[in-house]
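Engineer: So that we are looking at the same thing, I have put the structure below in structure tokens.
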Amino acid sequence: MKENFNVQFLEEAAEFLDNLEEKAREKIIFNIHKAQLSNNKELFKKLTDEIWEFRTFYNKTHYRLFAFWDKTKEIETFVISTHGLIKKTAKTPQKEIDKANRLREKYFAQLAGKK
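Reminder that position 65 of the sequence shown reads as 1425 in our numbering, one-by-one numbering, no gaps.
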């Protein structure tokens, strides 16, 4: 089965995953892979026009990895994961969405600078 998109992790997202216990990290990676193969908003949900989140519930804990789409390459589509958090409230904190937006803007500014 072909993946619908590739996933890349910015440094902060990779560090978030590295600092989790192994079983939680494995479950998150498994769910990201499932999201790549299907259109399941329980696993990958749109939060704003630009920001999405990978969603994992494991061992009574809600994990979120924020992300955005990079469709600048003609052949491949990437989802760039910005950072993660362990969710403690029902509503996603606006400051985390704002942070994902700032990291998105920085990513595209750096990409434009490389051209």
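No residue lacks a Cβ here, since even glycine has one placed at the ideal position from N, Cα and C.
Quick caveat: nothing in here was measured; it's all calculated off a predicted structure.
#1: According to DSSP, is K1448 part of a helix, a strand, or is it coil?
#2: Have a look at K1430 and N1419 and give me their C-alpha separation to the nearest angstrom.
#3: Can you name the start and end residues of the alpha helix (DSSP H) that N1338 belongs to?
#4: Of the choices K1448, K1401, Q1396, whose alpha-carbon is the least far from that of T1437?
#5: Quick one: measure Cβ to Cβ for T1416 and L1471, integer angstroms, because I've assumed they're closer than 8 Å.
#6: Can you tell me whether DSSP reads I1435 as helix, strand or coil?
Structural biologist: The relevant details are as follows:
#1: coil
#2: Checking the displayed sequence, the identity of residue 1430 turns out to be Asp instead of Lys. Roughly 32 Å between the two C-alpha positions.
#3: Nothing can be reported for residue 1338, as the shown portion of the chain is limited to 1361 through 1475.
#4: Q1396
#5: About 28 Å; that fails the 8 Å criterion.
#6: coil
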